[in-house]
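Asker:
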Amino acid sequence: RILDKQIIIVNFLVDDLRFYLEMDKFSRLADAMEDAEPQNMESENYDSFLKKKLEVISKLFLDSEIPPKLRVRPQDVP
Numbered sequence: 040r041i042l043d044k045q046i047i048i049v050n051f052l053v054d055d056l057r058f059y060l061e062m063d064k065f066s067r068l069a070d071a072m073e074d075a076e077p078q079n080m081e082s083e084n085y086d087s088f089l090k091k092k093l094e095v096i097s098k099l100f101l102d103s104e105i106p107p108k109l110r111v112r113p114q115d116v117p
């Protein structure tokens, strides 16, 4: 299918959407981390949480052994 002048492969749409939603959540959490106080215990726990979440995202979406692997483009070229 073609949507907004881009070819969309429907078979991968669900996985791509799941990946996008997880990365959006991660991005918002990381942005909130930057606003936290740098050296308190809560921010250290939060930092540890974000690192673990990044590992899980990588394992489930980017380095998954279960096909089909998610195809990620860094950004769309205009």
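To convert, count from 1 in the sequence shown and add 39; that's this note's numbering. Ideal placement from N, C-alpha and C gives every residue a C-beta, glycine not left out. Please read these numbers as outputs of a predicted model, since none were measured by experiment.
1. Suppose the cutoff is 8 Å on Cβ atoms and the five residues either side in sequence are ignored; what does the same chain contact list for residue 70 look like?
2. Quick one: measure Cβ to Cβ for residue 68 and residue 89, integer angstroms, because I've assumed they're closer than 8 Å.
3. Residue 98 by DSSP, collapsed to three states: which one?
4. Less than 7 Å between the C-beta atoms of residue 100 and residue 58, yes or no?
Answerer: According to the data block:
1. For residue 70, where only same-chain residues beyond five positions count, there are no Cβ hits under 8 Å.
2. Yes, they are in contact, since the Cβ atoms of residue 68 and residue 89 sit about 6 Å apart, within 8 Å.
3. In the structure shown, residue 98 sits in a helix (DSSP, three-state: H, G or I).
4. yes
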